[in-house]
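Reading through the structure tokens given below for one structure.
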Amino acid sequence: MTIERFDVRIYDGKKLSRVAADIIREVTVEIILNNRKIITIACTGNHLKELAVGFLRSEGVIETLEDLKKVVVSHEEGRVDIFTKKGDKPSISMKTIASSGSRGDRMDKIPSGVLESEIAISSHHVLNLMEDLLKSSNLHSATHGTHCSALADVNGILVSREDIGRHNTIDMLGGYSLLEEIDCSDKIIVTTGRVSSEIVTKVWGRANSGL
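Residues in the sequence shown are numbered from 2 upward in steps of one, following our numbering.
Following this line, the structure appears as structure tokens:
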């Protein structure tokens, strides 16, 4: 269950009130690559296959769907086991990532040069995409405790993902697009989260391979 209800006290500037509030759940999930634990991520526990695949894609461990041999998700154990066809040992170091933490070991591998794109959208359309994203953020509307990102094109939002971590939402979209074999060369990322250097690296790295 993603949302749990708790009795909390709210101060409105004048008095304390006891109310029942919906609180977003936070769990930790281990990603196991070729029988080796490489990372623990704090998240909501939703879309774990996309999250794990997207994280490995962001780290450059996998690039295409053909690189994957098997993905096993265990919600009960809080882990995702991924086996790649090459079976190489991961080059990324094992770590634990909080929901707001920085990610990855690829900051020194940011692609250089200018990204070529023929996509052109108006500022009005950008604002409309953001408005549509906020309307689709059901978990945030209920709890005010999540970020949301979406994969879109010039016609509108295609798919959106919510999580307690803004990095997680980007990885979920990366995993989704890889698993569904979506051509992202003409797609747009819309996000509620602060666009940190790690977010730029994730999206920029995918831009050279189709996002």
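C-beta atoms are modelled at their ideal positions from N, C-alpha and C, and glycine is treated no differently.
- S59 carries a helical assignment under DSSP once its states are collapsed to helix, strand and coil.
- The C-beta distance from S150 to L174 rounds to 6 Å, short enough to fall under 8 Å.
- In this structure, S137 and I158 form a Cβ contact; the two beta carbons are roughly 7 Å apart against a cut-off of 8 Å.
- The beta carbons of G176 and E51 sit closer together than 8 Å.
- Note that the C-beta distance between I24 and T202 is not below 8 Å.
- Closest option to N129, judged by alpha-carbon separation, among T192, G146 and H76: T192.
- Under the three-state reduction of DSSP output, V28 falls in the strand class.
- Scanning its chain for C-beta atoms nearer than 8 Å, with the 5 sequence neighbours on each side dropped, one finds around I200 the residues R167, H168, I171, T192 and G194, in chain order.
- Straight-line measurement puts the Cα of I83 at about 11 Å from the Cα of D68.
- For the 8 Å CB-CB criterion, V9 and L49 do not form a contact.
- Between the alpha carbons of N156 and K16 lies a distance of about 47 Å.
- Sixteen is the threshold: since fewer than 16 other Cβ atoms of the shown chains lie within 10 Å of the Cβ of H76, the residue is exposed.
- The Cβ atoms of D164 and T147 sit closer than 8 Å to each other.
- A check of alpha carbon separations from I122 across N35, N36 and I189 identifies I189 as the nearest.
- With a cutoff of 8 Å on beta-carbon distance, A43 and T29 are scored as near each other.
- Within the region 124-195, the beta strand (DSSP E) runs of at least 3 residues that lie entirely inside it are, in chain order, 148-154, 157-164 and 189-192.
- If you look at T41, you'll find it in the beta strand (DSSP E) that goes R37 to C44.
- Listed in chain order, the non-local C-beta contacts of G88 below 6 Å within the same chain comprise N35, local neighbours out to five positions each way being set aside.
- Within the same chain, and ignoring the five residues on either side of A153 in sequence, the residues whose Cβ sits closer than 7 Å to its Cβ are L130, L159, K188, I189 and V191.
- In this chain, the beta strand (DSSP E) harbouring K71 covers L69 to S75.
- When DSSP states are grouped into helix, strand and coil, A121 belongs to the coil group.
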